[in-house]
Structure formats: structure tokens, C-alpha cells
Amino acid sequence: MAAQLVPPMVTALSPDRAGVINAAVVAVAGAVTAWLVHSAKLAPAVLGAASALLALGLALGLHLDAGAQAEIMAGVAAAVAAYVRTQVTAQPPVGGVLRE
0 MAAQLVPPMV TALSPDRAGV INAAVVAVAG AVTAWLVHSA KLAPAVLGAA
50 SALLALGLAL GLHLDAGAQA EIMAGVAAAV AAYVRTQVTA QPPVGGVLRE
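Going by numbering that gives the first Met the number 0, the sequence shown opens with residue 0, and the numbers climb by one from there.
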């Protein structure tokens, strides 16, 4: 991927920062691939990409305490769960008849 090759060649990044950028690129690419292949498997990929992007921000100087990081990830998880909830349907009962 060009996004992984260009930053180390063009900028004077430390190996740690270059590694974080590479990890974020791979996580986002994985989420896009999961969406293109099968959207039902998208939730873990979105959460992983969000986590990688948060780590990228922190590595590049974003100052957030652990509580703020947890709030961001909880918000992303809640949004993903709300979306997944609209996409899931319950299996009909065996025989197709509800029993009370």
C-alpha cells in the first residue's frame, strides 16, 4: 500500500510513529474490506479501526486521559451496536407457531 510506503520515505518519522501509522492504515483497510466482502462481519472491524485511529491520534500528540479514551470507544461501540440491532432479525420458532 502506498500509504504505508510513502510516510517513512518522505518524512523523518521515528520507527514507533511509522509503526502506528501503518497499524492504523491496515486497520482502516481491514474495515473497508470487511464492508465490501460481507457487512454482517463489519462490527469488529469498525471497532478495531476506531481503536487504531485513536492510538494513531495519541501517538501523534493528541492528549486524552484514559477516561476520555474509554468514553470515545464506548460511544463507538454503542453506535455500532445500535446499527447492528437494526440489521438483525429473530429466527422464527420451530414449526412457525408461537406458544404461550
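The beta carbon of each residue, even a glycine, is placed where N, CA and C say it ideally should be.
For the pair LEU53 and VAL87, the Cα-to-Cα distance works out to about 28 Å. In the DSSP assignment, PRO43 falls within the unbroken alpha helix (DSSP H) covering 41 to 58. Taking the Cβ atoms as the reference, ALA48 lies roughly 4 Å from ALA30, within the contact range of under 8 Å.
By the neighbour-count definition (other C-beta atoms within 10 Å, threshold 16), LEU55 is a buried residue. Taken through DSSP and simplified to helix, strand or coil, PRO14 comes out as helix. Going by beta carbons, VAL19 and ALA58 fall inside the 8 Å limit.
DSSP places GLN68 inside the alpha helix (DSSP H), whose first and last residues are 65 to 86.
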